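Per UniProt numbering, the sequence shown runs over residues 1 to 484.
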Amino acid sequence: MEAFKYRWHQLPISRQLLVLVNAILFGFVVLFLLVDYRVRMDRHLNEKQIALTEEAKTMYESLLVAEPHGGEAIQNLVDNVCARMNTDDSPGHHIAADWRGLPYQAVSHGHASDEMLLAMRSAADSTLSRSNATGALVVGSFTGSAGTVYISEKRSAVVGATRRSLLIQMFEVLLLGGITAFVVSAVLRQLIAKPIQGFVSALRSVAAGDLSVIARTRSCRELSYLADQINSMTEALDHAQRDHRVHMEKARQIQQNLRPTVNGLVGIDVAELFEPADDVGGDYYDVIPLSDGQYLLCVADVSGHGVPAAMAATLLKAFVSEAAKKSSSPAQILTDVNERYCEYVMMGHFATMTLLVVDPKRRQLTYANAGHEFPFLQIGRETPVRLNVGDLILGVEDDTHYREETIQLGEAARLVIVSDGVTEAFDPSEEQYGTERIEQLMNTVKRCNARELVEAFESSIETFRRGRKAFDDTTLLVAQLAVV
């Protein structure tokens with residue numbers, strides 16, 4: 001039963017209306033035919049019985065005329081009248097009489113018998129005009145002072161003739177019912193199903209993002225009201241979407257204005273690639289000048305993307321800027337940022353971050369990491385290595401203390417810092433970009449500035465994706481130290 005209900009509810013309204021209307025019309029037609037069959041059959045049998053009764057009355061008058069000529073004259077009259085009856089029009093027609101205490105039966109058709117006379121007497125006495133002795137009979141009788149005349153026909157013959165006429169009528173009624181069902185279904189489709197299908201199509205277009213559709217109908221007041229409500233809803237969604245686009249554009253501009261200036265830095269060449277998956281992103285990068293000619297490089301990735309992640313990234317920028325005023329130690333800055341981040345951000349909005357302090361004068365690099373992708377370092381023509389020092393991500397425990405390491409850079413060096421939107425970029429065959437392609441590109445593209453290397457990465461990532469949309473924010477920061 002549940003499976004039937006499920007399948008029924010999955011049918012379009014046009015088919016439901018077709019099934020329901022035709023089922024109801026079919027039910028009415030069947031009920032009408034059953035009732036009409038019963039009524040017409042009873043009426044036809046009654047009419048036949050009345051006709052036979054009138055015939056019996058006429059026969060009684062004729063017998064009174066023949067009576068003076070003796071019993072033989074009565075028998076001849078009964079035989080002659082019965083013999084003249086058309087067996088096609090009146091099959092099983094039989095005449096009998098109880099006259100002055102003597103029984104008479106027509107012998108012209110060979111139906112005469114004591115059982116037949118008893119059956120006719122019994123049927124005449126029965127209110128159903130039916131006897132089971134020799135089969136069903138329709139009997140008309142007339143009783144006078146001289147006796148009783150019985151005239152009968154087979155009930156099956158009468159019923160058969162009636163059924164033939166009823167079959168013709170049944171065909172006519174079914175044909176009329178079919179035409180009526182077709183007309184009603186067509187009208188319901190035009191008045192109800194077709195407008196509702198139009199509403200469904202309009203709503204599907206709205207769900208797909210097309211807010212220019214207009215629902216129309218001239219069916220009835222209720223459906224016109226529904227069309228007006230759909231149009232009002234679509235218009236409201238369109239206004240809301242326009243407002244959303246305006247607000248998101250403003251948010252994007254704000255986030256763009258928060259991006260650092262990387263031009264004109266002394267002793268270091270920096271370039272970046274920043275592509276949010278939405279209008280705004282949860283990735284954050286920064287280049288902050290410190291005292292004594294040092295620079296703090298920061299790349300962070302807040303879980304998720306969109307507005308919530310962008311708001312958390314904005315908080316991270318403020319926390320990093322504030323902590324960098326107090327200390328130039330990457331580990332201490334991460335410790336301070338994590339404490340503030342746990343205090344102000346909801347549980348579950350975790351973030352990763354890597355901090356690197358570059359000292360171009362002393363050719364030193366100090367770095368710390370909170371669960372972020374390990375940066376890539378290439379010194380001179382050597383093979384790139386990963387700065388694989390890392391601790392707990394931000395937003396888990398507010399008392400986490402982070403570690404840092406310091407290395408000498410010596411001759412020319414370059415750093416590539418990425419978010420997981422780069423390493424976890426997918427192509428149409430679900431293959432990841434990974435870290436090996438980053439190292440291969442750094443080995444291949446060597447004699448170039450930071451901007452050229454970023455453009456090489458951008459082209460490589462775009463070619464790898466082959467048109468597939470990025471599902472996460474993409475951030476890449478390149479820093480190169482000039483040759484001493």
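We put the beta carbon where it would ideally sit given N, CA and C, even for glycine.
In this text the structure is predicted, and so the values were computed from the model without any measurement.
Run through DSSP, which three-state label would residue i get?
| i | result |
| --- | --- |
| Glu249 | helix |
| Ile417 | strand |
| Gln255 | helix |
| Arg386 | strand |
| Gly209 | coil |
| Pro195 | helix |
| Glu153 | strand |
| Tyr433 | coil |
| Asp98 | strand |
| Ser165 | helix |
| Asn139 | According to the sequence displayed, residue 139 carries Val and not Asn. Reduced to three states, the DSSP call for Val139 is strand. |
| residue 533 | Residue 533 lies beyond the range of the chain shown here (1 to 484); nothing can be said about it. |
| Ile393 | coil |
| Gly27 | helix |
| Ile214 | coil |
| Gly348 | coil |
| Val478 | strand |
| Gly70 | coil |
| Gly467 | coil |
| Gly160 | helix |
| Asn132 | Because Asn132 carries a pLDDT of 37, less than 50, the predicted location of this residue cannot be relied on, and the following value inherits that uncertainty. It is coil, neither helix nor strand. |
| Thr127 | Note that Thr127 scores 46 on pLDDT, short of 50, meaning its location in the model is unreliable and no value can be drawn from it. |
| residue 493 | This structure gives no information on residue 493, because the portion of the chain shown stretches from 1 to 484. |
| Asp36 | helix |
| Val445 | coil |
| Asp359 | strand |
| Met85 | coil |
| His109 | coil |
Would you mind working out which of the options sits nearest residue i, comparing C-alpha positions?
| i | options | result |
| --- | --- | --- |
| Arg221 | Gly71, Pro195, Leu52, Ala323 | Pro195 |
| Asp279 | Arg465, Gly395, Thr148, Thr474 | Thr474 |
| residue 485 | Ala310, Ser327, Glu275 | This structure cannot settle anything about residue 485, because the visible part of the chain is limited to 1 through 484. |
| Cys448 | Arg468, Gln332, Asp427, Ala413 | Ala413 |
| Leu334 | Thr400, Ala312, Leu33, Phe199 | Thr400 |
| Gln440 | Leu377, Gln197, Val183 | Leu377 |
| Val357 | Asn369, Ser303, Met347, His349 | Asn369 |
| Asp98 | Met116, Ser108, His109 | Met116 |
| Met233 | Leu211, Val21, Asp359, Met311 | Leu211 |
| Val158 | Leu102, His93, Leu315, Val183 | His93 |
| Arg468 | Thr444, Ala479, Asp427 | Asp427 |
| Leu18 | Thr314, Gly178, Ala112, Ser419 | Gly178 |
| Leu102 | Ile74, Asp79, Val270 | Ile74 |
| Arg403 | Leu387, Gly410, Val418, Leu409 | Leu387 |
| Val389 | Glu382, His372, Arg381 | His372 |
| Gln49 | Met442, Asn80, Val138 | Val138 |
| Asp79 | Tyr37, Glu72, Ala106, Arg363 | Ala106 |
| Arg381 | Thr444, Thr352, Asp336, Arg362 | Thr444 |
| Leu203 | Ala124, Tyr104, Glu235, Pro308 | Glu235 |
| Ser113 | Ile95, Asp301, Ala331 | Ile95 |
| Gly198 | Gln169, Asn231, Ser185 | Asn231 |
| Tyr367 | Met442, Asp125, Leu409, Leu63 | Leu409 |
Can you determine whether any heavy atom of the ligand ZN sits closer than 6 Å to the C-beta of residue i, and answer yes or no?
| i | result |
| --- | --- |
| Leu167 | This structure simply doesn't include the ligand ZN, nor any ligand for that matter. |
Have a look at the DSSP bridge pairing and note the partners of residue i.
| i | result |
| --- | --- |
| Glu405 | Tyr367 |
| Tyr104 | Ala97 |
| Gln378 | Arg414 |
| Gly147 | Trp99 |
| Phe426 | Gln432 |
If we count Cβ pairs, one from each stretch, closer than 8 Å, do we get three or more for the segment 256–267 versus the segment 281–295? yes
Any contact of the segment 226–233 with the segment 243–259, i.e. 3+ C-beta pairs under 8 Å? no
Is there contact here, the segment 42–60 with the segment 137–151, by at least three beta-carbon pairs under 8 Å? yes
Quick check on the DSSP output: what are the complete beta strand (DSSP E) runs of length 3 or more inside the segment 229–308, in order along the chain? 268–275, 283–289, 295–302
Determine, using beta-carbon pairs with one atom in the segment 251–264 and one in the segment 384–396, whether at least three such pairs fall under 8 Å. no
Is there contact here, the segment 70–88 with the segment 172–192, by at least three beta-carbon pairs under 8 Å? no
How do the segment 372–390 and the segment 409–424 stand: do at least 3 beta-carbon pairs fall below 8 Å, yes or no? yes
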